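I have placed the structure first, in the form of structure tokens, so that the comments after it can refer back to it.
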Amino acid sequence: MSKEAVVRLVNEQENNLKSIGEKILDNKRITDEEGLLLFEKGSLPYLGTLANYVRENLHGQKTFFNRNFHIEPTNVCVFSCHFCSYSRLYAKRDEGWELGIDQMLDIVKKYDNKPETEVHIVGGVHPKMNLPYFAELLRKIKAHRPDLHIKAFTAVELDYMFRKAKLSIEEGLKFLQEAGLDSIPGGGAEIFAPEIREKISADKVDAVGWLAIHEAAHKMGMHSNATMLYGHIENYEHRIDHMRQLRELQDRTGGFNTFIPLKFRNKDNDMSYVAESSVVEDFKTYAVARLYLDNFPHIKAYWPMLGRKNAQLSLAFGVDDIDGTIDDTTKIYSMAGSEEQNPAMTTEEIVSLIKQVNRQPVERDTLYNVVQEY
Ligand code: V47
Ligand code: SF4
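To convert a position in the sequence shown, counted from 1, into my numbering, add 4.
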């Protein structure tokens, strides 16, 4: 849509929505109240048009993806998040899996001589898989394949490892960085507001701890991502509060690469009674995230969760990244009822998915350096 057409749409809105649109056209930051108003009163076409305007100003038609694979060391977890369909409590670990270091290295070796640029390692919090264990894993992966970027361990896993090892955040991160950790994924953020966090994941690291780990990592030169689990018992104010804390941290460090809204899926967990959000709600959330998080370079739609068609559509609502060519080793979403039961997509499939909606596919590495344009 041309800028003139966006301006015309902005001028047709009632007062408050119009002034927010004008701010966005002027490249000005919107306030929390304005973000909330967009959620409450903005129509989907209006939010989509504004978010797409911002997205195209930043990236044009470019749509990023990377070639990665996942390792999930274990689904045994000492925590008991009610939304989680994946973890098996430590006491019931006969229903779970625990991979040894050599088994994980064998997964890495499957990709020898293949063009994957990243390994993503996230799992449950197993009491026996401690800091030295994971440091050895990182060292072995780096020794085998030094060029592979290791994005590993959510702040939840890191917090547990560091506390058990009696190390400060900085000491723990330095230890892992020296062993080969390159960056940190965005999981474990859920919803920061304590009144919601206490109800959905009371026993793991809180917002202050999650943010402190990401801040320390950024200060050591490591980049990270941030997620938000939405569409359960939180309201719009909680979503804005969550994004405000991320925007403030990003102002201080600039270390976040991408924001990933994660839609709550309700299969086989303690919160199955909560209805899933509508697709309209999903796209509104992507669009408001693009408009509110003006200092985040990228907004990512995680396609296994959304499904391929909705991932395509999300590109018109502020999203510029659809993650990677994941193979079927990831279970955390399929167990929660995601659209894709065995998520796997080849590079050719991702490229044609993006081209079908008239965007330009760009393969990136973890830090968004361009690997190949299509
Ligand atoms: O924090 C768990 C989510 C996250 C459910 O950084 C659920 O590139 C929906 O870290 N419904 C972990 N979501 C995943 C993660 C991640 C994923 C993709 C990309 C990146 C990245 C990081 O999975 C958890 C939690 O929010 N999750 N259960 C569920 N029922
Ligand atoms: Fe454990 Fe993560 Fe599941 Fe929470 S979401 S129970 S920390 S695996």
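For each residue, glycine too, the CB sits at the ideal point set by N, CA and C. All values derive from a computational prediction rather than experimental measurement.
Inset, instruction - Go through its chain and collect everything with a Cβ distance to VAL11's Cβ below 8 Å, but skip five positions before and after it. - result: Along the sequence shown, read from residue 1 onward, the residue named residue 11 stands at position 7. The answer, listed in chain order, is LEU29.
Inset, instruction - Could you pull the start and end residues of the beta strand (DSSP E) that PRO136 belongs to? - result: Position 132 of the sequence shown, counted from the start, is the residue given in the question as residue 136. Not the beta strand (DSSP E): PRO136 falls in the alpha helix (DSSP H), residues 135-148.
Inset, instruction - Could you work out which residue in ASN273, ASP327, THR351, VAL361 is closest to LEU371 when comparing CA atoms only? - result: Position 367 of the sequence shown, counted from the first residue, corresponds to residue 371. Considering only alpha carbons, the answer is ASP327.
Legend entry - Buried/exposed call for ASN61, threshold 16 Cβ in 10 Å: If you number the sequence shown from 1, residue 61 lands on position 57. Label assigned to ASN61: exposed.
Legend entry - N- and C-terminal bounds of the alpha helix (DSSP H) containing ASP30: The sequence position of residue 30 within the sequence shown is 26, counting from 1. Per DSSP, ASP30 belongs to no alpha helix (DSSP H) and is neither H nor E.
Inset, instruction - Taking only runs that begin and end inside the segment 304-331, name each unbroken beta strand (DSSP E) of 3 or more residues, in chain order. - result: 325-328
Inset, instruction - Would you please state the rounded distance, in angstroms, between the beta carbons of VAL284 and LEU48? I believe it to be under 8 Å. - result: Taking the sequence shown and counting its residues from 1, the one referred to as residue 284 is at position 280. Taking the sequence shown and counting its residues from 1, the one referred to as residue 48 is at position 44. Indeed they touch by this definition, with Cβ atoms about 6 Å apart.
Legend entry - Test item: CB-CB of HIS242 and ILE303 under 7 Å: In the sequence shown, counting from the first residue as 1, residue 242 sits at position 238. In the sequence shown, counting from the first residue as 1, residue 303 sits at position 299. Against a cut-off of 7 Å, the Cβ pair of ILE303 and HIS242 comes out as no contact.
Inset, instruction - Check whether the Cβ of THR350 sits closer than 6 Å to any heavy atom of ligand 1, and report yes or no. - result: By one-based count along the sequence shown, residue 350 stands at place 346. No; taking the cut-off as 6 Å, the Cβ of THR350 has no heavy atom of ligand 1 nearer than that.
Inset, instruction - May I ask whether a heavy atom of ligand 1 can be found less than 6 Å away from the beta carbon of TYR306? - result: In the sequence shown, counting from the first residue as 1, residue 306 sits at position 302. Indeed, a heavy atom of ligand 1 lies less than 6 Å from the Cβ.
Legend entry - MET133 versus PHE83: straight-line alpha-carbon distance, rounded: Working through the sequence shown from its first residue, we reach residue 133 at position 129. Working through the sequence shown from its first residue, we reach residue 83 at position 79. Each residue's alpha carbon lies about 14 Å from the other.
Inset, instruction - Evaluate HIS218 with the Cβ neighbour count: other Cβ atoms within 10 Å of its Cβ, from every protein chain shown; 16 or more gives buried, anything less gives exposed. - result: Against the sequence shown, residue 218 aligns to sequence position 214. HIS218 comes out buried.
Legend entry - In chain order, each alpha helix (DSSP H) run of at least 4 residues that lies wholly inside the segment 61-103: none
Inset, instruction - Please state if the CB of ILE204 and the CB of HIS86 are separated by a distance shorter than 7 Å. - result: Counting from 1 along the sequence shown, the entry for residue 86 is found at position 82. Counting from 1 along the sequence shown, the entry for residue 204 is found at position 200. By the CB criterion at 7 Å, HIS86 and ILE204 fall inside the cutoff.
Legend entry - Beta-carbon proximity list for LEU215, same chain, < 7 Å, skipping 5 on both sides: Numbered from 1 along the sequence shown, position 211 holds the residue referred to as residue 215. Once the five neighbours on either side are set aside, the close Cβ partners of LEU215 are GLN249, LEU253.
Inset, instruction - Reducing DSSP to helix, strand and coil, say where MET5 ends up. - result: The residue labelled residue 5 in the question sits at position 1 within the sequence shown. The answer is coil: DSSP assigns MET5 none of H, G, I, E or B.
Legend entry - Run of the alpha helix (DSSP H) containing VAL112, from where it starts to where it stops: The residue labelled residue 112 in the question sits at position 108 within the sequence shown. Counting along the chain, VAL112 sits inside the alpha helix (DSSP H) bounded by residues 105-113.
Legend entry - Secondary structure of VAL361, DSSP reduced to three states: Counting from one through the sequence shown, the residue named residue 361 turns up at place 357. Here VAL361 sits in coil by DSSP.
Legend entry - Closest Cα partner of TRP307 within the set ASP298, LEU295, ASN299, VAL323: Counting from one through the sequence shown, the residue named residue 307 turns up at place 303. Of ASP298, LEU295, ASN299, VAL323, the residue nearest in Cα terms is VAL323.
Legend entry - Length of the line joining the Cα atoms of ALA139 and ILE154: Position 135 of the sequence shown, counting from 1, holds the residue named residue 139. Position 150 of the sequence shown, counting from 1, holds the residue named residue 154. Their Cα atoms are separated by approximately 12 Å.
Inset, instruction - Name the one or two DSSP bridge partners that VAL375 has. - result: What you label residue 375 is simply residue 371 of the sequence shown in a count that begins at 1. Note: VAL375 sits in no beta bridge, so no partner.
Inset, instruction - Could you tell me the distance, in whole angstroms, from the CA atom of ALA183 to the CA atom of ARG312? - result: Within the sequence shown, residue 183 is the residue found at index 179, counting from 1. Within the sequence shown, residue 312 is the residue found at index 308, counting from 1. C-alpha of ALA183 to C-alpha of ARG312: approximately 36 Å in a straight line.
Inset, instruction - Examine ligand 1 and report whether any of its heavy atoms sits within less than 6 Å of the Cβ of PHE321. - result: Here the question's residue 321 lines up with position 317 in the sequence shown. No, ligand 1 has no heavy atom inside 6 Å of this Cβ.
Inset, instruction - Measure the Cβ-Cβ separation of LEU187 and HIS222 and say whether it is below 7 Å. - result: By one-based count along the sequence shown, residue 187 stands at place 183. By one-based count along the sequence shown, residue 222 stands at place 218. Just to set this straight, residue 187 is Ser in the shown sequence, not Leu. Going by C-beta atoms, SER187 is not nearer than 7 Å to HIS222.
Legend entry - MET247: first and last residue of the uninterrupted alpha helix (DSSP H) it sits in: In the sequence shown, residue 247 corresponds to position 243, counting from 1. Run containing MET247: 240-257, per the alpha helix (DSSP H) assignment.
Inset, instruction - Give a single yes or no on whether PHE268 has its beta carbon closer than 6 Å to a heavy atom of ligand 1. - result: Within the sequence shown, the letter at position 264 stands for residue 268. Correct: PHE268 has its Cβ closer than 6 Å to ligand 1.
Inset, instruction - Kindly indicate the opening and closing residues of the beta strand (DSSP E) around HIS153. - result: Stepping through the sequence shown from its first residue, residue 153 is reached at position 149. It spans 153-156 - the beta strand (DSSP E) in which HIS153 sits, taken as one unbroken run.
Inset, instruction - Compare the beta carbon distance of ASN261 and ASN299 with 7 Å and say whether it is the shorter of the two. - result: Along the sequence shown, read from residue 1 onward, the residue named residue 261 stands at position 257. Along the sequence shown, read from residue 1 onward, the residue named residue 299 stands at position 295. Their beta carbons are not under 7 Å apart, which means ASN261 does not touch ASN299 by this criterion.
Inset, instruction - Can you grab the Cα-Cα spacing for the pair LEU317 / ASP151, in whole Å? - result: Reading the sequence shown from its first residue, position 313 is the one you call residue 317. Reading the sequence shown from its first residue, position 147 is the one you call residue 151. Approximately 34 Å between the Cα atoms of the pair.
Inset, instruction - Closer than 6 Å by C-beta to TYR164: which residues in its own chain qualify, once you throw out the five before and the five after it? Chain order, please. - result: In the sequence shown, counting from the first residue as 1, residue 164 sits at position 160. Once the five neighbours on either side are set aside, the close Cβ partners of TYR164 are VAL129.
Inset, instruction - Kindly indicate the opening and closing residues of the alpha helix (DSSP H) around PHE43. - result: Residue 43 sits at position 39 when you count from the first residue of the sequence shown. It spans 36-45 - the alpha helix (DSSP H) in which PHE43 sits, taken as one unbroken run.
Legend entry - Beta-bridge partners of THR262, as assigned by DSSP: Taking the first residue of the sequence shown as 1, we reach residue 262 at position 258. In the DSSP output, where bridge partners are listed per residue, THR262 has HIS302.
Inset, instruction - List the endpoints of the continuous beta strand (DSSP E) containing THR1. - result: The chain is shown from 5 up to 378; residue 1 falls before or after that span and cannot be answered.
Legend entry - Enclosing alpha helix (DSSP H) for HIS222 [first to last residue]: Translated into the one-based positions of the sequence shown, residue 222 becomes position 218. Run containing HIS222: 211-223, per the alpha helix (DSSP H) assignment.
Legend entry - Close Cβ partners of MET224 (< 8 Å) along its chain, the five nearest in sequence each way excluded: Locating residue 224 in the sequence shown gives position 220, counting from the first residue. Result list for MET224: GLU174, LEU177, LYS178, GLN181, in chain order.
Legend entry - Three or more C-beta pairs below 8 Å linking the segment 67-84 and the segment 98-107: yes
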